[in-house]
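S.K.: Protein chains in written order, with this note's numbering: chain A, 6 to 538; chain X, 48 to 424; chain S, 319 to 597. Note that beta-carbon positions come from the ideal geometry of N, C-alpha and C, so glycine has one too. It should be emphasised that the depicted structure is a prediction, and the values quoted were computed from it without experimental measurement.
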Amino acid sequence: MRMLPRFLSGLLCLCLLLGLPLAAQAQDDPGQALLDPLDTASYADKGEAIEAIIASGDARSRRWLEALLGGKLQRHKDTGRFVVVVENRGRSWPVVDALSFEDAGEMSRRELDRIGINNALRGQLQGALAVLDLHADEVRERREAARALLGDVDASLAEPLRAVIDGEEDAEVRRLLEQALAIHRLEEGEAEAVDALAGSLNSRVRSALNAASRSEDPELAAAATSALADIEQKMKLNRGLETLYFGLSLGSVLVLAAIGLAITFGVMGVINMAHGELIMLGAYTTWAMQQLLPGQPGLALLLAIPAGFLVAALAGVAIERGVIQFLKGRPLETLLATFGVSLILQQLVRTVISPQNRTVVSPEWMSGSLMLNEGLSLTLNRLYVLGFALVVFAGLMLVMRRTRLGLEVRAVTQNRAMARAMGIRATRVDILTFALGAGVAGLAGVALSQLTNVGPNLGQSYIIDSFMVVVFGGVGNLWGTLVAGLSLGVINQVLEPWAGAVLAKIVVLVFIILFIQKRPRGLFPQKGRAAEG
Amino acid sequence: MWLTRPFSERSTRLFLGILLAALALVTLLNLAVPAGHPLHVSTYTVTLLGKYLSYALLAVAVDLVWGYLGILSLGHGAFFALGGYAMGMYLMRQIGDRGVYGDPVLPDFMVFLDWDSLPWYWLGFDMPWFAFPMVLLAPGLLALVFGFLAFRSRVTGVYLSIITQAMTFALMLAFFRNEMGFGGNNGLTDFRELLGFDLRSDATRLGLFLATGIALALGYVLCRAIVASKLGRVSVACRDAEARTRFLGYRVERFQLFVFVVSAMLAGVAGALYVPQVGIINPSEFSPIFSIEVVLWVALGGRATLYGAVIGALLVNYAKTVFTGVMPDAWLFALGGMFVLVTVFLPRGIAGLLGQRPRRRASHAQTSQPTAGESAA
Amino acid sequence: MSILRSLADRERVFDFLVPAQSPVDVRHGPILYLEDVSVSFDGFKAIDALDLTIDDGELRCIIGPNGAGKTTMMDIITGKTRPDSGSVWFGSRHDLLTLNEPEIASLGIGRKFQKPTVFEALTVFENLELAMAADKRVLPTLTARLTGEGRDRIEEVLATIGLVELRHGPAGILSHGQKQWLEIGMLLMQRPRLLLVDEPVAGMTEQEMERTAELLTGLAGKGKQSVVVVEHDMGFVRSIARTVTVLHQGSVLAEGSMDRVSNDPKVIEVYLGAEEEAA
Chain A
6 MRMLPRFLSG LLCLCLLLGL PLAAQAQDDP GQALLDPLDT ASYADKGEAI
56 EAIIASGDAR SRRWLEALLG GKLQRHKDTG RFVVVVENRG RSWPVVDALS
106 FEDAGEMSRR ELDRIGINNA LRGQLQGALA VLDLHADEVR ERREAARALL
156 GDVDASLAEP LRAVIDGEED AEVRRLLEQA LAIHRLEEGE AEAVDALAGS
206 LNSRVRSALN AASRSEDPEL AAAATSALAD IEQKMKLNRG LETLYFGLSL
256 GSVLVLAAIG LAITFGVMGV INMAHGELIM LGAYTTWAMQ QLLPGQPGLA
306 LLLAIPAGFL VAALAGVAIE RGVIQFLKGR PLETLLATFG VSLILQQLVR
356 TVISPQNRTV VSPEWMSGSL MLNEGLSLTL NRLYVLGFAL VVFAGLMLVM
406 RRTRLGLEVR AVTQNRAMAR AMGIRATRVD ILTFALGAGV AGLAGVALSQ
456 LTNVGPNLGQ SYIIDSFMVV VFGGVGNLWG TLVAGLSLGV INQVLEPWAG
506 AVLAKIVVLV FIILFIQKRP RGLFPQKGRA AEG
Chain X
48 MWLTRPFSER STRLFLGILL AALALVTLLN LAVPAGHPLH VSTYTVTLLG
98 KYLSYALLAV AVDLVWGYLG ILSLGHGAFF ALGGYAMGMY LMRQIGDRGV
148 YGDPVLPDFM VFLDWDSLPW YWLGFDMPWF AFPMVLLAPG LLALVFGFLA
198 FRSRVTGVYL SIITQAMTFA LMLAFFRNEM GFGGNNGLTD FRELLGFDLR
248 SDATRLGLFL ATGIALALGY VLCRAIVASK LGRVSVACRD AEARTRFLGY
298 RVERFQLFVF VVSAMLAGVA GALYVPQVGI INPSEFSPIF SIEVVLWVAL
348 GGRATLYGAV IGALLVNYAK TVFTGVMPDA WLFALGGMFV LVTVFLPRGI
398 AGLLGQRPRR RASHAQTSQP TAGESAA
Chain S
319 MSILRSLADR ERVFDFLVPA QSPVDVRHGP ILYLEDVSVS FDGFKAIDAL
369 DLTIDDGELR CIIGPNGAGK TTMMDIITGK TRPDSGSVWF GSRHDLLTLN
419 EPEIASLGIG RKFQKPTVFE ALTVFENLEL AMAADKRVLP TLTARLTGEG
469 RDRIEEVLAT IGLVELRHGP AGILSHGQKQ WLEIGMLLMQ RPRLLLVDEP
519 VAGMTEQEME RTAELLTGLA GKGKQSVVVV EHDMGFVRSI ARTVTVLHQG
569 SVLAEGSMDR VSNDPKVIEV YLGAEEEAA
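(1) Could you tell me whether the Cβ of GLU56 of chain X comes closer than 8 Å to any Cβ of chain S?
(2) Could you give the C-beta distance for ILE268 of chain A and VAL445 of chain A, rounded to a whole number, given that I count them as a contact under 8 Å?
(3) Kindly list, in the order they appear in chain A, the residues whose Cβ is closer than 7 Å to that of THR390 of chain X.
(4) Three-state secondary structure (DSSP) at THR384 of chain A?
(5) Taking all protein chains shown into account, decide if ILE381 of chain S is buried (16 or more other Cβ within 10 angstroms of its Cβ) or exposed.
(6) Can you name the residues of chain A whose CB is closer than 8 Å to the CB of GLY171 of chain X?
(7) May I ask you to verify whether the segment 196–204 of chain X touches the segment 127–145 of chain X, counting CB pairs closer than 8 Å and requiring at least 3?
(8) Of all Cβ atoms in chain X, is any one closer than 8 Å to the Cβ of SER580 of chain S?
(9) May I have the straight-line CA-CA distance separating LEU106 of chain X from ILE264 of chain A, to the nearest angstrom?
(10) Using the beta-carbon of each residue, which ones in chain S are nearer than 7 Å to VAL281 of chain X?
(11) Following the continuous beta strand (DSSP E) through TYR351 of chain S, name the residue where it begins and the one where it ends.
(12) With burial defined as no fewer than 16 other Cβ atoms inside 10 Å of the residue's Cβ, what is the status of LYS82 of chain A: buried or exposed?
(13) What residues match up with GLU573 of chain S in a beta bridge as DSSP calls it?
(14) Count the other C-beta atoms from every protein chain shown that fall within 10 angstroms of the C-beta of HIS486 of chain S, then say buried if there are 16 or more, exposed otherwise.
(15) Curious, which full-length beta strand (DSSP E) runs of at least 3 residues does the segment 367–391 of chain S contain?
(16) What ranges does the alpha helix (DSSP H) occupy inside the segment 483–557 of chain S, keeping only unbroken runs of at least 4 residues that lie completely in it?
(17) Would you tell me roughly how many angstroms separate the C-alpha atoms of LYS523 of chain A and ALA509 of chain A, rounded to the nearest one?
(18) Thinking C-beta only, is GLU116 of chain A closer than 8 Å to PRO99 of chain A?
(19) Strictly under 8 Å for the Cβ-Cβ distance: is ASP287 of chain X near chain S by that measure?
(20) When Cβ atoms are compared, which residues of the segment 199–216 of chain X fall closer than 8 Å to chain A?
(21) Are the segment 462–473 of chain A and the segment 292–307 of chain A touching, with three or more C-beta to C-beta distances below 8 Å?
(22) Using CA coordinates, which residue listed in A:MET405, A:ALA489 and A:PRO502 is at the minimum distance from GLY256 of chain A?
(23) I need the DSSP call for GLN301 of chain A, collapsed to helix, strand or coil.
(24) Where does GLN79 of chain A fall in DSSP's three states?
(25) Quick one: does PHE472 of chain A have its CB under 8 Å from some CB of chain X?
(26) Smallest Cα separation from ARG60 of chain X: which of X:ALA377, X:ALA264, X:SER276 and X:LEU343?
(27) For my contact list, LEU320 of chain X and ALA262 of chain X are in at a C-beta cut-off of 8 Å; report their separation, rounded to the angstrom.
(28) Could you check where the alpha helix (DSSP H) with ALA356 of chain X kicks off and where it finishes?
(29) Work out the CA separation of PRO510 of chain S and ILE472 of chain S for me, nearest whole Å.
(30) Under 9 Å, CB to CB, which of the residues in the segment 367–379 of chain X have a partner in chain S?
(31) Any residues in the segment 416–428 of chain S with a beta carbon nearer than 8 Å to a beta carbon of chain X? Which ones, in chain order?
(32) VAL459 of chain A to MET285 of chain A, Cα distance in whole Å?
(33) Quick check on the DSSP output: the beta strand (DSSP E) that includes LYS239 of chain A runs from which residue to which?
(34) What number of angstroms, rounded off, separates the C-alpha of ASP376 of chain X from the C-alpha of GLY383 of chain X?
(35) Taking buried to mean at least 16 other C-beta atoms within 10 Å of its own C-beta, is PHE54 of chain X buried or exposed?
(36) Could you name the residues of chain A that MET385 of chain X contacts, counting a contact when the two beta carbons are closer than 8 Å?
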């Protein structure tokens, strides 16, 4: 093990050497020369053979060492060929050639000899594998490897790691390795090591500090305890931020689901119980787009935005023309009729597509997460949905404030007869408003398909929440919907840890029921004589 | 006496006559006609009819608040379910040590959850004199508190509908939780006897059916009496012009509260009669979709007639039984279609089609309900 | 539960009794007294430091252009709107700002709305019955029976408003004018001390107007009702008015006899002048 740094420093030369004989045939493969020494009874010799493999820098070293560690590197008794067992169950095992990694058929377990290892070698192998990754070309992989080493450094690894740190360019990798070393030093009882660990949120760092804080050495224990307190503080902040993020994310979903309703309910006074099913249609449109464009989930998703809007808007127009226009001025009947429509739409999807949930794939650029620090990472899909919700909200505000349609909608809302007298075609405005509200529901569906399962019940689970958001925010007030949606989302997430998800939801519902009693017109009521009627 | 007033109305006598005749006929066909005879009504059918009748009582309760008070409650299923749970708790305690785990006090699901004693709110439910009043009090109290808060702040119209829906939704979520102590997902079931009568015996089942029919008759008369009283006319006044009623010096919110609580209690009774007949009560009775379906029964039968609610409940539930047997997938289409067709083309329901007398429409405000008509003056 | 509540209620309602003999103290003159009342909606001042006094038995007409605050003033008196500042007294004993709408109604202030609102689903007779001064708590209402005395009272009012033949017809089929009269009849059933009448002749025919003028002038008088009429129709106001108050931008512009206010240059400028221009 002491020789490892020498091998590592010789790495470059070997790499150069390796480039030349690659074209050679299997028996000339330098790999054969590297593997051969492994087949020996002496564990000491095997150790040297392993170090030779590491020093070789051969691209296959990693797979060899892993196979060796897993007991899967074996040698055929008769031919002496090295193979890697793919699966060691049953009598004959599928194997691949250890040099070419090509399929080598099946071999009986009796024909094979396992290259055995002992615990010392196992430790050596694990360390070696970790260090091996530290030489990867990709910075990201090196960071991963360094992070994996936290808490796994023992005396044998400490020395080589120092060498690696000196040669490392990336500051993050260096920091992580320093920490890994510091944990080791901490275990050895070095109180100064705490400094290198201060502020880290890694769970292994914390458990090391935890262990140290119970140490006999009062100096070490005190240092560790105070570092832990710092970390705890930082974690608290992180947890707060995380709750806020999840709350805002849930809130953005609520806003998306409710904002279309805010238009149809708030502006037109129409209760559309089928709103949830319009959301569902948007989600299914996304799914259908992905079926049409297999292998291009990203493009399908982008195309689904206009398509989802259009599908839901058309469905909305159909509902308005087919049902709602006959029920003008009868809000309770509208509620019942649109509920009927929602049942029909649900059953339609069940019959035509399937009662089962459909999976909508997330494109690559939406999966993964944005890591803000060790303890806090934001999942990208939620971040996108949050942004999308804000964009939709802003767009809707623009439409209502800046366009002719918005002006006409507001005019018809305030005084239908007068607006008609001034030449506004109220019927056309009704249709367009409803289409707009429905279309936005479709957009909500497209966004939701990235967060939850797409199924026939998707809309139903959002309808009550959406109504609550609109009523809470104050009917006819888009800003109110935004504030109400986001704050309800956050309230829900804040309550969840100590109340549980279901109870949190109940508490929120009860809160809104009580709130409406206190302020029947919501957070941002419309004032004045007109609003009294 | 205000309670006897409805008997002077022809429509009430007709309704009661038909109902009692039907009860007698079913009893006769069940008992006197031998099984296998085409006219025989099996006990299974009797119980099914009993279930329909309890639904009909629920529909009457909904019609009282919707038809005459103009309050569209989308949460009456909650009152129905609470009455049902009160009855279910009594029936659970009656099982005694005959449960799977044989615990003399704890119901099976509590033993399963490793509870070692009854929660306080289960105490007393082994005694009918405590449990049966709870059938009225539990939903009545919820309606009182909820209605007090809502009507005091003048929450009406669609707002009220939406928060009643939220109420039943919240209760559904709550009852789904095992920690609530109401059997969670599975609810209460495996009942054995009621007041010492074996629930599985044919005689008990016929008795429950008759009890439900009589409860429906009494509930109908009570609602009719309320509607025919001056209070009923004040209710109609609240429905059509709430502000105007207030200016006449009536405390609208108290009238609304009174009628709402009475209606909730009736719904509770309906639930309590429903549970021993179907043999189970679980949180699905709280689901918003059930409550809104009840409203459809009333709309289909015809609002503000009371007998329309009964007709609607019987028809829709019969259709549901037939449909779900023959082609289950089509049921939701049929139900959804009914919602649309009834509201758009049949605003006064079947009772409006029967059209015993020309009815006029209230042309102002947001209402288009058929009028209360039956004046007692 | 309701029994318990109505028991608790009994004590609360006790101090102002059943409204038939309203304990309004008018020994010191005015029956209605508004002082320095202001209210604004979203920054718009609907009523601005309004002072108004109505004497017992008086028939007062209030005129003013649209947006002068006439309806808002009515809303404040009947408790529908709460003013931002000022005080409103009914007689010298009742501070109306501490009472809610039904309480104010049972004190003896009746209001007729601009748009006639009668209960269209109920008959004319039932409309009057509901309006009748009676115990209006829940349980008494449930068990209430119409007494012979009550029936006589309803017949009397039916005769006053001229709807005797239509008594068992639904109010929904009445003509516009008849609805207005029914509404006045409903006010009379409450035996109010003060009647607030909002645009009683809007949309009426000439004959209906005359009939309404007769009705209103017959109602007002010492020991009977005080009547406040808000009206646009100048001819009508001229035919009934003894004292006229002109409102403008939420406060009193002028007050006095019809002749005096119609010669007031300020009034001519903001109101009558505008009308003549329009005409």
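M.R.: Reading it off the structure:
(1) no
(2) 7 Å
(3) LEU332, GLU338, LEU341 and ALA342
(4) strand
(5) buried
(6) Simply none; closest approach about 26 Å.
(7) no
(8) no
(9) First, the residue type needs correcting, since residue 106 of chain X is Ala and not Leu in the sequence shown. Cα to Cα, ALA106 of chain X sits roughly 34 Å from ILE264 of chain A.
(10) LEU448 and THR459
(11) 348–359
(12) exposed
(13) S:THR563
(14) exposed
(15) 377–381
(16) 494–507 and 524–537
(17) 21 Å
(18) no
(19) yes
(20) ARG199, SER200, ARG201, VAL202, GLY204, VAL205, TYR206, SER208, ILE209, ILE210, GLN212, ALA213, MET214 and PHE216
(21) no
(22) A:ALA489
(23) coil
(24) strand
(25) yes
(26) X:ALA264
(27) 6 Å
(28) 354–373
(29) 15 Å
(30) none
(31) GLU419, PRO420, ALA423, SER424 and GLY428
(32) 7 Å
(33) First-last for LYS239 of chain A: 223–266, but that is the alpha helix (DSSP H), not the beta strand (DSSP E).
(34) 12 Å
(35) exposed
(36) GLY345
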